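This report concerns only the one structure given below.
2 protein chains.
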Amino acid sequence: MTMTKRDTYTPDSLLAVAVEVFIERGYDGTSMEHLSKAAGISKSSIYHHVRSKEELLRRAISRALDGLFGVLEEPGAVEGRAIERLEYVTRREAEVLMDELPYVTLLLRVRGNTDTERWAMERRREFDHEVADLLKQAAADGDLRDDVDIRLATRLLFGMINSIVEWYRPGRGGAASRDEVAEAVVRTAFAGLRKP
Amino acid sequence: MTMTKRDTYTPDSLLAVAVEVFIERGYDGTSMEHLSKAAGISKSSIYHHVRSKEELLRRAISRALDGLFGVLEEPGAVEGRAIERLEYVTRREAEVLMDELPYVTLLLRVRGNTDTERWAMERRREFDHEVADLLKQAAADGDLRDDVDIRLATRLLFGMINSIVEWYRPGRGGAASRDEVAEAVVRTAFAGLRKP
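Residue numbers (the UniProt record's numbering), protein chains in the order written: chain U, 1 to 196; chain Z, 1 to 196.
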């Protein structure tokens, strides 16, 4: 028999539980039954908070996207030379990824079987285009090495940033801190991009 | 009714089909029924080739690991200064990843629920240690920038290489070729690692 507890969840705390289950089992492999067990409350209690599993996915993905797109509106991302803005955006994206680790992890694992997943993938593409535009502008300014292929460089830059979700665990003793990781990403990426 | 065809599979061609299904549905989410449908032959025909789903996983993972570990025994990986060997290994790993794309993709997605998956993760860790040792040796030789953190650098390097599985599709028109991708990875990574 499933142990149930009094439903003291807020929308945010229930979402946090759901995201952990989605990451562990995959979104497709997660049922309302799994969510009910993980949260320790009945399915009808969950339906009191949300209409569907897909609504939980949409909220989780929105949280990740709001964080990532929010960076593009910060002063450091809109003022100054493109290469400086690009460096600012790179550092802040790495930080948002670590601050919102489970939400961004879920966003990166989404594969596109439902409307919400397709929407998430479309928004990710938009985000990548915004960053690619910054790279193009930096190239036009003459600030990138001449041998940089914009499209490949964008992919490798995101590859490096996104890989953080595979190994970064906050507060693990002896491991690099959030700021050290962000700094290393910026240093590594820009040594390869910036004209010496 | 499932369409079945005469079983003309070789071990390799059946494995190729299974790997595509594992990647699409996840290993846990794949049943022998799914494999039978994808291959267009009966379950008992599949059992004629392999004893279990896990055997297919082990063969697929072995193929990826053999490719990756094989690089470490090539002359370019064992002769010369550590920084040169590291650069050679980086380029060849990127190439193996692209040449054996589905097999390495599967290896990178494995999460550790069965003995075979745990073995795969252990072998991946061994591989990462071998490359980290090369980085350490290059640092001891004085060939790395002074501000490089070996553990972080190893992770970012693999992050960049492994991200290739997310977007590289051979023969896609207008996209970068295998050799261009490998070259860009080496250039980007080593600009950030090598002492100027």
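For each residue, glycine too, the CB sits at the ideal point set by N, CA and C. As the structure is a prediction and not an experimental result, all values here were calculated from the model.
For U/Arg111, the three-state secondary structure derived from DSSP is coil.
With the criterion set as a beta carbon lying under 9 Å from some beta carbon of chain Z, the members of the region 154–171 of chain U are Arg155, Leu156, Leu157, Phe158, Gly159, Met160, Ile161, Asn162, Ser163, Ile164, Glu166, Trp167, Tyr168, in sequence order.
Annotation: the continuous alpha helix (DSSP H) that includes U/Ala39 extends over 32–39. The three-state reading of DSSP puts Z/Leu86 in helix, counting H, G and I together.
Listed along chain U are Gly26, Asp28, Gly29, each with a C-beta nearer than 8 Å to that of Z/Gly29.
Nearest Cα to U/Arg169 within the set U/Arg194, U/Glu100, U/Asp141: U/Glu100. Against chain Z, a Cβ distance below 8 Å from U/Asp149 picks out Ala176, Glu180, Ala184. Judged by DSSP in its simplified three-state form, U/Arg124 adopts helix. In the three-state reduction of the DSSP assignment, U/Leu144 falls in the strand class, which pools E and B.
Contacts between U/Leu152 and chain Z, judged by CB atoms closer than 8 Å, involve Ala176, Glu180, Val181, Ala184 in chain order.
In this structure, the alpha-carbon of U/Glu84 lies about 38 Å from that of Z/Glu126.
The C-beta of U/Thr8 has fewer than 16 other C-beta atoms within 10 Å across all chains shown, which makes the residue exposed.
Contact between U/Met98 and U/Ile164 holds, since their C-beta atoms are separated by about 6 Å, short of 8 Å. Contact check for Z/Gly29 and U/Gly26: beta-carbon distance about 7 Å, within the 8 Å limit, so the pair qualifies. Under the three-state reduction of DSSP, U/Arg194 is assigned to strand.
Contact with chain Z is absent for U/Ala139, since none of that chain's Cβ atoms lies less than 8 Å from the residue's Cβ. Leaving aside the five residues that flank U/Leu86 on each side, the residues in its chain whose CB is nearer than 7 Å to its CB run, in chain order, Leu134, Leu135, Ala138.
Counting the other Cβ atoms within 10 Å of the Cβ of U/Gly142 gives fewer than 16, which makes it exposed.
DSSP, read as helix, strand or coil, puts Z/Gly159 in helix. In the three-state DSSP reduction, Z/Leu72 falls in the coil class, being neither helix nor strand. DSSP places U/Ser44 within a helical segment (H, G or I) once states are collapsed to three. Each of Z/Ile161, Z/Leu15, Z/Ala82, Z/Gly159 was checked against the Cα of Z/Glu55, and the nearest Cα belongs to Z/Leu15.
Rounded to whole angstroms, the gap between the alpha carbons of Z/Gly171 and Z/Phe190 is 27 Å. Between U/Ala16 and chain Z, the shortest Cβ-Cβ separation is not below 8 Å. Residues Glu117, Ala120 of the same chain have their beta carbon placed closer than 6 Å to that of Z/Val110, with the five preceding and five following residues left out of the count. A Cβ-Cβ distance of about 12 Å is found for the pair U/Leu108 and U/Ala60, leaving them out of contact under the 8 Å criterion.
Out of Z/Val185, Z/Val131, Z/Ile161, Z/Ala176, the CA that lies nearest to the CA of Z/Ala77 is found in Z/Val131. Neighbours of U/Arg92 in chain Z, taken as residues whose beta carbon is under 9 Å from its own, are absent, since the nearest beta carbon is some 17 Å off.
A straight-line Cα-Cα distance of about 39 Å links U/Ala18 and Z/Asp12. Taking the Cα of Z/Tyr103 as reference, the smallest distance to any Cα among Z/Asp66, Z/Arg178, Z/Ile161, Z/Val181 is reached at Z/Asp66.
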